[in-house]
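Worksheet: the structure to be examined is printed underneath.
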Amino acid sequence: MTATRRLVFVSGTLALCAWVLVPIYLIALGAFGGRAGAFKWPKEIVPSNASLDALMLFVKIEGVWNAAVNSVIAAGLTMLFSIALGAPAGYALARFSFRGANAFRLLVLLTRAFPLAILALPLTVTFIRIGLYDTPLGVALVHTALALPFAALVTASLFTGIPRELEEAAWVFGCTRLQAFRRIVLPLALPGIAAAAIFAFVISWNEVFAASVLTVRERTLTAYLLTVLAESPLHYRFAGGFILIVPSVLFIFAVRKYLFAMWGVSSK
Amino acid sequence: MAGIVIDRIAKSFGSVTALQEVSLEIADGEFVALLGPSGCGKTTLLRIMAGLESRSSGRVLIGGRDVSDLKPWERGLAMVFQNYAVFPHMTVYENVAFGLAMQKKPADVIDRQVKKAAALLHIEPYLERYPAKLSGGQRQRVAVARALAVEPAVLLMDEPLSNLDALLRLEMRAELKSVLREAGTTTVYVTHDQTEAMGLADRIAVMYGGKIVQIAPPTQVYARPATTFVGGFVGSPPMNFLPVDSQDGRVTLGGQSIPVPGSGARILGFRGEDVTLAAPADGLALTVRVVEPMGSHTLLTGRIGDAVVRIVAPSSTAVRAGDVVGLRLDPARVVFMDPASGLALDAAA
Chain H
734 MTATRRLVFV
744 SGTLALCAWV
754 LVPIYLIALG
764 AFGGRAGAFK
774 WPKEIVPSNA
784 SLDALMLFVK
794 IEGVWNAAVN
804 SVIAAGLTML
814 FSIALGAPAG
824 YALARFSFRG
834 ANAFRLLVLL
844 TRAFPLAILA
854 LPLTVTFIRI
864 GLYDTPLGVA
874 LVHTALALPF
884 AALVTASLFT
894 GIPRELEEAA
904 WVFGCTRLQA
914 FRRIVLPLAL
924 PGIAAAAIFA
934 FVISWNEVFA
944 ASVLTVRERT
954 LTAYLLTVLA
964 ESPLHYRFAG
974 GFILIVPSVL
984 FIFAVRKYLF
994 AMWGVSSK
Chain W
28 MAGIVIDRIA
38 KSFGSVTALQ
48 EVSLEIADGE
58 FVALLGPSGC
68 GKTTLLRIMA
78 GLESRSSGRV
88 LIGGRDVSDL
98 KPWERGLAMV
108 FQNYAVFPHM
118 TVYENVAFGL
128 AMQKKPADVI
138 DRQVKKAAAL
148 LHIEPYLERY
158 PAKLSGGQRQ
168 RVAVARALAV
178 EPAVLLMDEP
188 LSNLDALLRL
198 EMRAELKSVL
208 REAGTTTVYV
218 THDQTEAMGL
228 ADRIAVMYGG
238 KIVQIAPPTQ
248 VYARPATTFV
258 GGFVGSPPMN
268 FLPVDSQDGR
278 VTLGGQSIPV
288 PGSGARILGF
298 RGEDVTLAAP
308 ADGLALTVRV
318 VEPMGSHTLL
328 TGRIGDAVVR
338 IVAPSSTAVR
348 AGDVVGLRLD
358 PARVVFMDPA
368 SGLALDAAA
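So the sequences go chain by chain: H and W. Note that my numbering gives residue 735 to position 2 of the first sequence, counting from 1, and the numbers run on in steps of one. Note that my numbering gives residue 207 to position 180 of the second sequence, counting from 1, and the numbers run on in steps of one.
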């Protein structure tokens, strides 16, 4: 790489990192700096009087734990459903050539283009009618619809990456289709499937619109914070934001390798 | 132990015909190579035997049992794949033991067979390693050991050596031959490399355009090709072909009179090493264009009329590019083909 190209590459990388990290850092400053820190200007690089007070107080807000539990349930169910439905779809896309496979691939993605806002009212009405309204399960079903395209496409690329001949070898040596899948394909795909599952978890964890519309008392954490924090002091809002960001950032960081694979970028 | 009968197997992919009613009988313990250029249907035929590909019509019998409609896991075969298909998440030991474990053999039997196969292919030092830590040649051995460990009645091999470098290929070829002879396994070996087929097989089935054009022992395929295609495909350099005109059952070439079956236009085929060099006046005149000293012999390339001819001359030859030499053919070793069909004409006929 020439010096100029290197410079462009490094500064581009730094700019992209800053794009993501600076807001997170500012939120963290607000969360740990207390009331004074949230309003202070200019900001300090390292907060002088860092404390966990705001975070501790925040955790004690009534209903936060219940909302967190709802969030975990909804995200857990989303993870389960999207893998249970998405992985077989991904396997089919990867292994069988069928009419309309490409159209299916596109359609799966197009579900994401359908605005949720239009669906919100009919969904609410339907959910009330069948008793899913205001339950984590109801939220999970909508989140599954959001996460499913990714689950199907990520697992499809995973299964495509496992040579067909490995399965054929297993068949020749006495494995039925199911045994070959369990003994050969699944162990090889498992890390990637786990990554897709965690990605589904994060999608659900971060989603706020559907969760707000479809729940009243049994809110998920994002939906709950949105209502509670609107009336809170600024440093509490920062504390809430920080708590929401941290798990998703950690999760995404842990599974980044497999998400790259989805977009055809190889990483070592 | 089992022989194989391929009974009029045909296969088409949509409108493309990959195999047209191929029949083949392979005796118990025999080593047959399916040889042909890419796209001739040899791999498709092998995969149909394994049950990995569906057939359009025909039957496959293994050991007298019709396996045509059985799934691959019900056929009791072993196979070595072109890219080895060694399971990356299992150790070498687990890989070799895989087939036996699937047959639910007791642990001590598995252990004994794995050790035996590993010893045969010299992979004992790597048994506890994962395939990622092995070289291509070692993975190849693991794939063969995995196939031999189940002591299969029939072993199918799909270009198993094509991913190895030349030296390793030579080494593995000799080793495969001795290992398989010892095991007495009926083997079907797919390759596009005619030296592999010549070196390994008891019989070679030369395939072209979805058909078997000749099935015979290697020496016969080499010396008596059934068609011009076989003569041109098998052997390096390929067989030379000259258009000749037969009159009264004889053709005169460079002062030599050679008997020909029938009369009319014929194609005369001869191998580059089946000629003796002579003075230009004493034989068929060849204008040498290129001289390639190969060490063990010298390859002369030139033209007789419009036909390109390659001659294998002794390495001591003093011929230089631009020289004209005379060729004397060995009448017992020439073959004649029909120019329209390309089929060999039997000298006795």
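Where a beta carbon is used, it is the ideal one built from N, C-alpha and C, also for glycine.
* Asked: DSSP three-state call for residue 895 of chain H: helix, strand or coil?
  -> In this structure, residue 895 of chain H counts as coil in the three-state DSSP scheme.
* **Residue-level contact to chain W via CB, residue 924 of chain H, 8 Å cutoff** => For residue 924 of chain H, the answer is no, since every Cβ of chain W falls outside 8 Å of its Cβ.
* Verify the CB distance criterion: does residue 110 of chain W have a CB-CB separation below 8 Å to chain H? => Yes, residue 110 of chain W lies at the interface with chain H (some Cβ there is under 8 Å from its Cβ).
* Measuring CB to CB, does residue 810 of chain H end up less than 8 Å from residue 740 of chain H? -> Contact: no.
* In angstroms, rounded to a whole number, what distance separates the CA positions of residue 364 of chain W and residue 354 of chain W? -> Their backbone Cα atoms lie some 20 Å apart in a straight line.
* Asked: According to a CB-to-CB cut-off of less than 7 Å, which residues of the region 905–918 of chain H neighbour chain W?
  -> Flagged, chain order: 905, 906, 907, 908, 909 and 917.
* **Coil, strand or helix - residue 877 of chain H by DSSP** => The answer is helix: DSSP assigns residue 877 of chain H an H, G or I state.
* residue 370 of chain W versus residue 254 of chain W: straight-line alpha-carbon distance, rounded -> Roughly 4 Å separates the two Cα atoms.
* At a Cβ threshold of 8 Å, is residue 820 of chain H touching chain W? -> Residue 820 of chain H does not count as touching chain W.
* Asked: Going along chain A in order, which residues have a C-beta closer than 7 Å to the C-beta of residue 898 of chain H?
  -> Of the protein chains in the structure, H and W, none is chain A.
* **Alpha-carbon to alpha-carbon, residue 219 of chain W and residue 997 of chain H** => Here the model assigns residue 997 of chain H a pLDDT of 46, short of 50, so the residue's position is not dependable, and the following value carries that caveat. Each residue's Cα considered, the two are about 33 Å apart.
* Roughly how many angstroms separate the alpha carbons of residue 51 of chain W and residue 77 of chain W, rounded to a whole number? -> Cα to Cα, the separation comes out at about 15 Å.
* Return the CA-CA distance between residue 376 of chain W and residue 109 of chain W, expressed in angstroms with no decimal places. => Note that residue 376 of chain W has pLDDT 40, beneath the 50 cutoff, so the model's placement of it is unreliable and the number below is only indicative. Cα-Cα distance, rounded: 43 Å.
* Let me know the secondary structure DSSP gives residue 40 of chain W once reduced to three states. => Secondary structure of residue 40 of chain W (DSSP, three-state): strand.
* Could you work out which residue in W/225, W/123, W/229 and W/335 is closest to residue 154 of chain W when comparing CA atoms only? => Among W/225, W/123, W/229 and W/335, the Cα nearest to that of residue 154 of chain W belongs to W/123.
* **Nearest-angstrom Cα separation, counted from residue 228 of chain W out to residue 126 of chain W** => Going from the Cα of residue 126 of chain W to the Cα of residue 228 of chain W covers about 26 Å.
* Distance, Cα to Cα, residue 382 of chain W vs residue 352 of chain W? -> What the structure shows of chain W is the stretch from 28 to 376, and residue 382 of chain W is not part of that stretch, so it cannot be assessed.
* Asked: Of all Cβ atoms in chain H, is any one closer than 8 Å to the Cβ of residue 270 of chain W?
  -> By this cut-off, residue 270 of chain W is not an interface position.
* Asked: DSSP on residue 847 of chain H, reduced to helix/strand/coil?
  -> Here residue 847 of chain H sits in coil by DSSP.
* **Contact with chain W by residue 920 of chain H, beta-carbon distance below 8 Å** => Residue-level contact check: residue 920 of chain H touches chain W, since one or more beta carbons of chain W fall below 8 Å from its beta carbon.
* Asked: Span of the beta strand (DSSP E) holding residue 225 of chain W?
  -> No beta strand (DSSP E) holds residue 225 of chain W; the alpha helix (DSSP H) holding it covers 221–227.
* Asked: So does the region 305–319 of chain W actually touch the region 231–243 of chain W, counting three or more Cβ pairs closer than 8 Å?
  -> With a cut-off of 8 Å, the region 231–243 of chain W and the region 305–319 of chain W do not count as touching, because too few Cβ pairs lie within range.
* Please report the Cβ distance between residue 902 of chain H and residue 112 of chain W, rounded to the nearest whole angstrom; I am assuming they are in contact, meaning their Cβ atoms lie under 8 Å. => Confirmed, about 4 Å.
* **Contact with chain H by residue 126 of chain W, beta-carbon distance below 8 Å** => Chain H contact via Cβ: present.
* What is the DSSP secondary structure of residue 162 of chain W, reduced to helix, strand or coil? -> Of the three classes helix, strand and coil, the one that applies to residue 162 of chain W here is coil, per DSSP.
* Asked: Is the beta carbon of residue 880 of chain H less than 8 Å from the beta carbon of residue 933 of chain H?
  -> The beta carbons of residue 880 of chain H and residue 933 of chain H sit closer together than 8 Å.
* **residue 179 of chain W burial status per 10 Å Cβ neighbour count (16 or more: buried)** => Counting Cβ neighbours within 10 Å, residue 179 of chain W comes out buried, since at least 16 surround it.
* Do you know offhand how far residue 372 of chain W's Cα is from residue 279 of chain W's? -> Whole-angstrom Cα-Cα distance: 18 Å.
* **Segment contact flag, the region 158–178 of chain W with the region 143–150 of chain W, C-beta cutoff 8 Å, min 3 pairs** => Taking 8 Å as the limit for Cβ pairs, the verdict is that the region 143–150 of chain W does touch the region 158–178 of chain W.
* Helix, strand or coil for residue 746 of chain H per DSSP? -> If DSSP states are grouped into helix, strand and coil, residue 746 of chain H belongs with the helices.
* Asked: Can you find a C-beta in chain H that's less than 8 Å from the C-beta of residue 210 of chain W?
  -> For residue 210 of chain W, the answer is no, since every Cβ of chain H falls outside 8 Å of its Cβ.
* Between the C-alpha atoms of residue 349 of chain W and residue 256 of chain W, what's the straight-line distance to the nearest angstrom? -> CA-CA distance, residue 349 of chain W to residue 256 of chain W, rounds to 30 Å.
* **For residue 853 of chain H and residue 847 of chain H, the rounded distance between their alpha carbons** => Each residue's CA atom was taken as its position, placing residue 847 of chain H and residue 853 of chain H some 11 Å apart.
* Asked: What residues from chain H crowd round residue 45 of chain W, counting only those whose CB sits closer than 9 Å?
  -> In chain order: nothing, as chain H lies at least about 16 Å away.
* Asked: How big is the Cα-Cα spacing for residue 801 of chain H and residue 841 of chain H?
  -> In a straight line, the C-alpha of residue 801 of chain H is about 30 Å away from that of residue 841 of chain H.
* Taking Cβ positions only, does residue 827 of chain H come closer than 8 Å to chain W? -> False, the Cβ-Cβ gap to chain W never drops below 8 Å.
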